[in-house]
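Chains as they are written, first to last, in our numbering: chain Y, 174 to 381; chain V, 5 to 114; chain H, 5 to 632. From the three backbone atoms N, C-alpha and C, an ideal C-beta is built for every residue, glycine too. From a predicted model like this one, the values you see are computed outputs, not experimental measurements.
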Amino acid sequence: MDLNKKYTPQSWPDHPETATMEGKNKFVGFWLLLAAETVTFASLFATYLALKDKGPSGMEFAASNLFELPLVFAMTMILLTSSLTSVYAMYHMKNHNFKAMQAWLGITVLLGAAFLGLEIYEFNHYVHLGFGYTHSAFSAAFYTLVGTHGAHVLFGLSWFIALMVRNSKRGLNMYNAPKFYLVSLYWHFIDVVWVFIFTVVYLMGVIG
Amino acid sequence: MAHETHTHVRSQTEYEYIRRQRSKEMRGQLTSFAIMIFLTLIAFTAVAADFSPYLITPIILLLAAVQVVLQLYGFMHMSNKGHGMVAFFMFSGMFVAFITILALVTIVWW
Amino acid sequence: MSSIAQKKGFGAAMWDYLTTVDHKKIAHLYLASGGIFFLIGGIEAMLIRIQLMKAGNDFLSAGTYNEVLTMHGTTMIFLAAMPILLAFMNAIMPLQIGARDVAFPFLNSLGFWLFFFGGVFLNLSWFLGGAPDAGWTNYASLAIASEGHGIDFYALGLTISGFGTLISGINFLVTIINMRAPGMTYMRMPLFTWTTFVASALILLAFPPLTVGVFFMVFDRMFGANFFDVTMGGNTIIWEHLFWIFGHPEVYILILPAFGIFSEIFAIFSRKRLFGYTALVFATILIGFYGFMVWAHHMFTVGLGPTANAVFALATMIIAVPTGVKIFNWLLTIWGGSISFTTPMMYAIGFIPSFVAGGVTGVMQAIAPLDYQLHDSYFIVAHFHYVIVGGVVLAILAATHLYWPKMFGTMLSEKLGKVTFWLFFIGFHLTFFIQHFLGLMGMPRRVYTFGADQGWDLFNAISSVGALFMALGVIILLVNIVMTSIKNERVSNDPWGDGRTLEWAIASPPPFYNFAQTPLVRGLDTFWIEKMEGNKEGMVYAEPLEEIHMPNGSFVPVVMSFGLFVASFGALYNMDGDKGWTIPVIIIGLVITFGSMLFRSLKDDLGFHISKEELLRDVKGGKSDGLK
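This is the structure:
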């Protein structure tokens, strides 16, 4: 393939992410990885549910007196919005508007970073309360589940940034369009997992 | 293997049509987003309002499921053409996920 | 790359294998390293049988026996059986569907190297303070109490090699979904491709729970998490569930490709179309599906309650139905066929009664009340060796003979092959049949010795003699391989004369681009159809001869895997808490891995093209076997 081949909005294919064989393979392969990730997170959720509120006898912490909903609500709104901004980025990708895509991706990254910042603040807060990783089975299951999600956010951010920087000078082509599409899929998946985290861990935790 | 693709240059009419289609789709996405925010608000409000857990738990789980459907079929385009195999594997994944969670909340001895 | 490379030195050949992304060479790597691990696991098996040869033997100490036993199971399942099957999938599946390569050649190589470094890491435990000793199931209640680093070697090694297997699984799935030749519909795919597909789907969905469980184990030991510490609210049954949610599908990951191999063999050497192709396909899918709903039958005695036991007992019995369908289909394929008793066919015929025996004892254990009697006895040992050796290992040996010419361009000796078969087959039944009775007489599994007054002497001695026969069989196979390689008599496309599927329509070994022109598939058993219609070329083509795009080789997968290998050593010794160098080692390892990942994604790799002239030269000069 010629990397220097220039496309116009008129000649840009309808589905640039699957217009090449390479793109098709990446597309299917990545969705399969998401299916595997579904099972990974299910195992973490299952363990969390089995170990919820379990600890050494006389443990003072329980989900119902630990979590603070206002912070979680803010994190949820930020992450949901970042999901929408990455949809905007893909909208401009399909219209072959590189500058607008980069701008929306930039906003997505900022929102993602804000989410991550709040999560670090939250963890730090709990640790200062004495609810550390080694505190109990409950704390281990909680931090591992939510922390794995946080690690995915971090990986997604690095991926966004690497792609944006790498392609900043060369614009959209058939080689990088699938990559942009996949990272946005990844970002939506992270959002899906978060929907279950705020529901199962936080909301259901607070109501006990 | 290859990165080759046939280039098809659209006529002006075709181009305008597809642009219109895309902005229409984007408006649909905005609606999904509004619904998601709304569902999230309901879930948080229900919990804050302190209703019985037996009432809230099924409701917020249902709301989460609706949100996931919106994400998968709206934002991630799983309803589009060429997603048949993908959907099959995602649903298989969800099936395994479901039985895993079911097992660990019911048969771990307590 | 192809014809120029004829006379290269050892170093160049080595470098070629280190950087290759060609599915056929990766198959060689899988076969060689899987084969070596198979020999290591076999030696461990012999040590076990020597120890149990007579009552009160002191050949191995109790502790060493536990290590040998654990490593035998772990090595055979994760490092021998699965990689060797992956070797045949890599070598044959892309050819069967008429593809030039797998979907992700780079990831294919990465998958291999992750497996390789994971396996080496696990086996280094022998020299670095003791191997894992909590059994291949590594139950948490036992494992977290194990001293030394054995369990850490197990957890970290399996994590690395597990990632490799997951990557291979995704790769095969995408290859089959996207890269089938024109006309190759799903219902025209050869059975081996179908079983590869379903086994890969099982890999995709079964490995994540194992990875999560193993991570819990690492976190418990490394960071002081309390997933399995009951005094801190932990629960060891979580490990059992996660392990078996993976572990039961794993059994099908092993047996389904074996079914695929035997399906090919029955059709080829009965010179008949496979009986009930559609039923075989759907039975395969059903087995894959049910495979996820039966795991708790390994946990009947845990005390999950009568409801759970009843549900899982029923689900387990249902699996026998699609498996039975398969057995009858194979029998009816042979029925009325013009059978030629080649070595692969003898393995296939030997497989049917052996596997049925293993299946029947499986259904016995599915009856939960009876399982309370059989659990943890030698009956269980006999059962799973009947399905795994009688199913998987026989398939691996059969495929070695069947596909050797396709992979290496030369035939293994039929005479020695049959000697191997008889020695192995007799040895296998001698070893394991009698263990059923040892189990019924009360001998528990995993014991390092027994008393002379328990009446198990004679049967154990017979069992050990059987193991000797199996070892002899494997040694003769090795002799066969060496002699064949020295003689090096080249063979043609279809050395068995009765090949039915696309892989037999091209040179042995195939050129590195597989098909100069993509074939057009006109039905099930493509090559057979063309042969019957007198087509000398063996294929019809879907495209004119054009230049071919190929991926570049890459050394990055080795570096990436090596980084994780290094980081694992840091993580392992970090648990001691008194070694300052471990954190830097973890960081260096991760920097190597993620750095090479970044390098890979930032550097454009567009591959290269083989020109039409070059292809024409290859085709005319009969030099299309460029693999040498």
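Item                                                                                                                 : Value
Inter-residue Cα distance where the pair is Met236/H and Val112/V                                                    : 16 Å
Per-residue burial, Gln275/Y [other beta carbons within 10 Å of its own, 16 or more giving buried]                   : buried
Sub-8 Å separation of Phe266/H and Phe412/H beta-carbons                                                             : no
Chain-ordered residues of the region 339-366 of chain Y with a beta carbon less than 7 Å from chain V                : Met347, Tyr348, Leu358, His361, Asp364, Val365
Spatial distance of His12/V from Met347/Y (CA atoms)                                                                 : 14 Å
Arg494/H (DSSP reduced to helix, strand or coil)                                                                     : strand
Exposed unless 16 or more other CB atoms sit within 10 angstroms - verdict on Thr179/H                               : buried
Contact the region 193-204 of chain H vs the region 266-286 of chain H: 3+ CB pairs below 8 Å                        : yes
Where Leu66/V falls, given that 16 or more other Cβ within 10 Å makes a residue buried                               : exposed
Closest residue to Ile591/H among Ser572/H, Ser65/H, Ser605/H (Cα-Cα distance)                                       : Ser572/H
Inter-residue Cα distance where the pair is Gly431/H and Val374/Y                                                    : 55 Å
Test item: CB-CB of Ala85/H and Leu35/H under 8 Å                                                                    : no
Under 7 Å (Cβ pairs) to chain H, residues found in the region 192-206 of chain Y                                     : Lys197, Asn198, Val201, Gly202, Leu205, Leu206
Listed by chain order, chain Y residues near Val325/H by CB distance under 9 Å                                       : In chain order: nothing, as chain Y lies at least about 26 Å away.
Cβ-Cβ distance between Gly102/H and Val525/H below 8 Å                                                               : yes
8 Å Cβ cutoff met for Gly328/H and Phe359/H                                                                          : no
Alpha helix (DSSP H) segments (min. 4 residues) lying fully within the region 363-401 of chain H                     : 372-378, 382-391
Endpoints, the alpha helix (DSSP H) within which Phe296/Y is located                                                 : 271-302
8 Å Cβ cutoff met for Asp375/H and Phe296/H                                                                          : no
Own chain partners of Ala101/V with C-beta closer than 7 Å, once the 5 adjacent residues on each side are dropped    : none
Members of the region 106-135 of chain H that neighbour chain Y once the beta carbon cut-off is set at 7 Å           : Ala107, Phe108
Under 9 Å (Cβ pairs) to chain V, residues found in the region 202-215 of chain H                                     : Ala205, Leu208, Leu209, Ala210, Pro212, Pro213
Interface residues of the region 30-44 of chain V facing chain Y [CB-CB below 8 Å]                                   : Met30, Gln33, Leu34, Phe37, Met40, Ile41, Thr44
Close-in-space but distant-in-sequence residues of the same chain around Thr337/H (CB under 7 Å, 5 per side omitted) : Phe270, Ala271, Ser274, Lys276, Leu278, Phe279
Buried versus exposed call for Glu268/H [16 or more other C-beta atoms within 10 Å across all chains shown]          : buried
Assigned exposure category for Ala144/H - 16 Cβ within 10 Å defines buried                                           : buried
Tyr299/Y beta carbon near the ligand PLP (any heavy atom closer than 7 Å)                                            : Ligands displayed in this structure: none; no statement on the ligand PLP is therefore possible.
Range covered by the alpha helix (DSSP H) that runs through Phe266/H                                                 : 241-274
Spatial distance of Ala53/V from Pro62/V (CA atoms)                                                                  : 15 Å
Residues of the region 215-236 of chain Y whose Cβ lies closer than 7 Å to any Cβ of chain V, in chain order         : Ala215, Ser216, Phe218, Ala219, Thr220, Leu222, Ala223
Under the three-state DSSP convention, the category Pro186/H falls into                                              : coil
Contact set between Phe463/H and chain V, taken where Cβ atoms lie within less than 9 Å                              : Chain V residues near Phe463/H: none, gap ~37 Å exceeds 9 Å.
Met564/H, buried or exposed, once every other Cβ within 10 Å from all chains shown has been counted against 16       : buried
Closer than 8 Å to chain V by CB, Leu242/Y                                                                           : yes
CA-to-CA distance, Thr110/V to Phe157/H, given in whole angstroms                                                    : 32 Å
CB contact check: Gly86/V to chain H, cutoff 8 Å                                                                     : no
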